[in-house]
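Please read the structure below before turning to the comments.
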Amino acid sequence: MRAIDTGAPAEAGAAVDGVDAGTTVDAVDAVDAVALEEAVAFTSDLIRIDTSNRGGGDCRERPAAEYVAERLAAAGLEPLLLERTPGRTNVVARIEGADPCADALLVHGHLDVVPADADDWSVDPFSGEVQDGVVWGRGAVDMKNMDAMVLAVVRAWARAGVRPRRDIVIAYTADEEDSAVDGSGFLADHHPALFEGCTEGLSESGAFTVHTGPGRALYPIAAGERGTAWLKLTARGTTGHGSKPNRANAVTRLAAAVARIGEYQWPVRLTDTVTACITELAALQGLSVDPRRPGFDLDSVLGKLGPAAALVEATVRNSANPTMLSAGYKLNVIPGQATAFVDGRMLPGGEAEFTATLDELTGPDVSWEFHHREVALEAPVDGRTYAVLRECVERFDPDGHVVPFCMAGGTDAKQFSRLGITGYGYSPLKLPPGFDYWSLFHGVDERVPVAALHFGVRVLDRALRTL
């Protein structure tokens with residue numbers, strides 16, 4: 005695959021925690037006014053391309069894939085469009101680095117979005133409208149903003165003659181909002197050669213501002229994800245007339261199991277990433293804590309962290325939430341089978357406990373199986389990569405505080421981990437106080453400030469060239 009080769013390598017320079025990060029990173033400003041304008045325009049344009057993923061294969065990402073591929077090609081790349089299923093299109097391109105012996109870096113984003121009901125929104129969710137310095141629409145947060153910023157950076161490099169030290173693989177995927185079987189799973193399983201040499205990856209859900217108090221801006225970088233454990237429960241019993249006693253009622257058996265699962269309090273299990281997050285958040289509050297100490301009082305510490313506790317509350321234990329029920333075909337007939345679905349999430353290292361607990365909670369009359377399963381992830385927060393990612397955010401917001409965190413859910417990084425790629429969530433945005441970014445993921449009136457996109461382009465440019 006031919007890739008952009010437009011100038012001298014960015015090498016050796018500003019130190020990051022004692023690591024030489026590259027002089028030309030500071031000497032060359034690859035981000036121009038065009039890049040800033042394109043980040044906004046691309047976000048808006050991609051939102052207008054409705055790529056709603058309703059599950060079960062009901063989605064068509066191809067128009068969005070063709071949009072980004074055309075713009076990558078204009079920057080000198082040779083993007084590949086790849087499909088497992090017609091219309092479910094992925095785009096992969098490689099930027100060749102100056103050092104052929106260096107490990108490659110993957111930068112990936114998904115093109116699909118969750119559905120949106122226009123009746124609930126203040127604007128048309130697929131308008132891509134820009135008003136009062138804000139871009140509105142489904143995907144403005146998850147994650148066509150990041151897709152657009154990466155595209156803007158790549159094109160800026162072509163104009164500025166920037167060539168990275170290492171190869172950078174750009175991937176735009178389908179189907180992330182469902183099973184990823186047509187997206188990153190398909191790419192990892194059937195096109196691994198396209199990611200040859202990639203050891204690390206950057207994608208969504210990290211490095212955006214979380215305001216936790218007056219003058220306190222956090223930038224959580226995702227260095228972990230809980231594993232996905234979507235479950236199907238099946239209860240079997242004796243079919244019979246609804247007017248007669250039935251001690252083998254499948255609905256009753258299932259309801260009891262679902263209630264036990266929903267009421268169960270999972271024990272606290274602190275991973276390395278969550279431990280680091282708690283320690284750093286506590287330090288910002290003037291507290292010195294050791295989460296590994298026997299008898300550590302997690303609830304007490306979380307109570308002292310204020311709004312920042314939200315960064316860890318969902319990832320200190322496994323979880324299992326019943327979400328769907330199905331049974332019967334007529335009111336006066338006791339069915340012989342009933343089913344339920346449960347959204348389970350497993351911490352890194354927590355799968356054995358999870359499965360054993362589900363065996364106990366479901367009991368002898370209800371069986372369960374994995375409907376969809378993906379691994380939990382954890383990335384180092386004490387090495388050069390995390391240090392570079394932190395420095396690049398803090399360079400453009402010196403008053404910000406970067407902390408590591410673990411995602412409660414998951415991303416395409418799970419599928420790419422099959423190829424030995426360590427993933428970080430890094431889609432930088434500087435957001436104003438009062439802007440509740442968390443609530444906009446899959447929410448109503450999804451939107452992103454123009455200024456936040458400009459910040460993200462600058463941070464991504466520096467981070468990718470430094471790495």
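Residue numbers (this note's numbering): 5 to 471. No residue lacks a Cβ here, since even glycine has one placed at the ideal position from N, Cα and C. All values reported here derive from a predicted model rather than from experimental measurement.
So, is residue i buried or exposed, given that buried needs 16 or more other C-beta atoms within 10 angstroms?
{"i": "T470", "result": "buried"}
{"i": "H114", "result": "buried"}
{"i": "T275", "result": "buried"}
{"i": "T27", "result": "A caution first: T27 carries a pLDDT of 39, below 50, which makes its placement in the model too unreliable to give a value."}
{"i": "P352", "result": "buried"}
{"i": "A280", "result": "buried"}
{"i": "P271", "result": "exposed"}
{"i": "D182", "result": "buried"}
{"i": "L464", "result": "buried"}
{"i": "E200", "result": "exposed"}
{"i": "S330", "result": "exposed"}
Helix, strand or coil for residue i, going by three-state DSSP, please let me know.
{"i": "T275", "result": "coil"}
{"i": "F130", "result": "coil"}
{"i": "M328", "result": "strand"}
{"i": "W372", "result": "strand"}
{"i": "W161", "result": "helix"}
{"i": "M441", "result": "The sequence given here has Tyr at residue 441, not Met. Reduced to three states, the DSSP call for Y441 is helix."}
{"i": "Y428", "result": "strand"}
{"i": "H458", "result": "helix"}
{"i": "A102", "result": "coil"}
{"i": "F345", "result": "strand"}
{"i": "P311", "result": "helix"}
{"i": "N94", "result": "strand"}
{"i": "Y51", "result": "Looking at the sequence provided, one finds Ile at residue 51 rather than Tyr. DSSP places I51 in helix when its eight states are reduced to three."}
{"i": "A25", "result": "Residue confidence is low: A25 scores 39 on pLDDT, short of 50, so the model does not pin down where it sits. No coordinate-derived value is stated."}
{"i": "L288", "result": "helix"}
{"i": "R469", "result": "helix"}
{"i": "R167", "result": "strand"}
{"i": "E82", "result": "coil"}
{"i": "E450", "result": "coil"}
{"i": "A108", "result": "strand"}
{"i": "E87", "result": "strand"}
{"i": "L433", "result": "strand"}
{"i": "V337", "result": "strand"}
{"i": "V293", "result": "coil"}
{"i": "V316", "result": "coil"}
{"i": "L464", "result": "helix"}
Report the rounded CA-to-CA distance for residue i versus residue j, giving the unit in angstroms.
{"i": "L198", "j": "V305", "result": "45 Å"}
{"i": "T47", "j": "A73", "result": "15 Å"}
{"i": "G413", "j": "E382", "result": "13 Å"}
{"i": "V118", "j": "D128", "result": "15 Å"}
{"i": "T283", "j": "V385", "result": "13 Å"}
{"i": "S126", "j": "V154", "result": "28 Å"}
{"i": "H405", "j": "A221", "result": "6 Å"}
{"i": "A68", "j": "T55", "result": "8 Å"}
{"i": "Q135", "j": "M150", "result": "19 Å"}
{"i": "P298", "j": "K236", "result": "37 Å"}
{"i": "Y430", "j": "G241", "result": "49 Å"}
{"i": "A175", "j": "A252", "result": "52 Å"}
{"i": "F459", "j": "A467", "result": "12 Å"}
{"i": "C105", "j": "R388", "result": "18 Å"}
{"i": "N325", "j": "A254", "result": "20 Å"}
{"i": "A186", "j": "G290", "result": "The displayed chain sequence assigns Asp, not Ala, to residue 186. Each residue's alpha carbon lies about 47 Å from the other."}
{"i": "G165", "j": "A211", "result": "27 Å"}
{"i": "T232", "j": "D347", "result": "8 Å"}
{"i": "Q419", "j": "V111", "result": "14 Å"}
{"i": "T359", "j": "T366", "result": "11 Å"}
{"i": "C410", "j": "S247", "result": "51 Å"}
{"i": "A380", "j": "A39", "result": "35 Å"}
Relative to the alpha-carbon of residue i, which residue among the options has its alpha-carbon at the smallest distance?
{"i": "E42", "options": "R466, L457, V463", "result": "L457"}
{"i": "D103", "options": "R169, V452, Q135", "result": "R169"}
{"i": "P249", "options": "I338, E70, F345", "result": "I338"}
{"i": "E378", "options": "A417, P224, G310", "result": "A417"}
{"i": "A156", "options": "V35, A380, A260", "result": "V35"}
{"i": "P436", "options": "P218, P196, A122, E200", "result": "P218"}
{"i": "V139", "options": "G367, V44, D171", "result": "V44"}
{"i": "P311", "options": "N94, L86, A97, T216", "result": "T216"}
{"i": "I172", "options": "G101, L191, S443, A261", "result": "G101"}
{"i": "K334", "options": "T232, G244, L191", "result": "G244"}
{"i": "F374", "options": "G447, G266, W234, A79", "result": "W234"}
{"i": "V214", "options": "E364, E180, C202, L285", "result": "L285"}
{"i": "E70", "options": "T277, G201, I53", "result": "I53"}
{"i": "E87", "options": "E65, F345, A108, E355", "result": "E65"}
{"i": "E133", "options": "D124, R451, R273", "result": "R451"}
Is there a C-beta anywhere in chain B that falls below 7 Å from the one on residue i?
{"i": "L81", "result": "Any reference to chain B falls outside this structure, which holds one protein chain only."}
Using a threshold of 6 Å, is the CB atom of residue i nearer than that to any non-hydrogen atom of the ligand GTP?
{"i": "N94", "result": "Absence of the ligand GTP from the depicted structure is noted, as is the absence of any ligand whatsoever, leaving it without description."}
At 3 residues or longer, and completely inside the region 235–274: list those beta strand (DSSP E) runs for me, N to C. none
What are the uninterrupted segments assigned as beta strand (DSSP E) that are 3 or more residues long and contained completely in the region 349–428, given in chain order? 370–378, 405–411
Along the chain, which unbroken stretches of the beta strand (DSSP E) at least 3 residues long are found entirely within the region 170–236? Complete beta strand (DSSP E) runs here, min 3: 172–177, 202–207, 214–217, 220–229.
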